[in-house]
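Add 2 to a position in the sequence shown, counting from 1, and you land on the number used in this note's numbering. Glycine residues also receive a C-beta, built at the ideal position from the N, C-alpha and C atoms. Please read the structure below before turning to the comments.
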Amino acid sequence: MSSALDMSLDDIIKNNKKSAAGGRGRGRGSGTGPARRVPNRSANRSAPYSFGKAPDSAWQHDIYAAQMGGFPAPAARASSIETGTKLYISNLEYGVSNEDIKELFSEVGDLKRYSINYDRSGRSKGTAEVVFSRQADALAAVKRYNNVLLDGKPMQIEIIGINIPTPAAVP
C-alpha cells in the first residue's frame, strides 16, 4: 500500500470507508460519537422492579404530634369551635392598625379576637375582623359604628354568620 501522501483524496476516503466496515469500535456502525458499552443489567435481577417491604406499623402524620409542639389533634380542635359573633369591617383607611381596632371596639364589649387583614406584601387590605363574646355587644357595635367616619372614611360593618339585618347608624 502506498503512503497517504501519494494517494488522491478520493482514494483515501475510499480506503477509510473499507477499513471502518471492518469493525473499528463504532458499535452498531450507525451514528456518530463514541460507542457505548451497555452492561447486561438484567442478568442480576430476578424481577424487573424491586419492591420494598411495607412497614409493620400504621402511618401517622407528624403534624399532630403533641410532643413536637405541633398542632393539636383533630379531636381537640373539634371541641374548640369558636363561639361569639363576628363582625367584618370594610372601607378602612390603610393606616388603621390593630390597636386602633382594639381601642375602638373594646369600648362596646368584650372582644375575643380582632385583626386587620393584610395582603401578601404586608399592606392593609382595608378590612378587619372583630369577634365579640356576646351577640348583643356585636349588635351594639354595628349600631354605634356602621357608616361612622374613621380616619376620614366611613366604616362598613357586617355581621358574619347569622341572619340579622344590619341596622342603620344613628346620626
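Distance between Glu105 and Gly124, taken at the CA atoms: about 22 angstroms. A Cβ-Cβ contact shorter than 8 angstroms links Lys127 with Tyr120. Per DSSP, the beta bridge partners of Leu151 are Pro156. Pairing Gly86 with Val144 gives a Cβ-Cβ distance that is not under 8 angstroms.
Classified as exposed, Asp8 has fewer than 16 neighbouring CB atoms from the shown chains inside 10 Å of its CB.
Within the same chain, Val110 and Gly111 come within 6 angstroms of Asp139 by CB-CB distance, once the 5 residues on both sides are set aside. Relative to Arg146, the option among Asp13, Glu101, Ser108 and Ile164 whose CA is nearest is Ser108.
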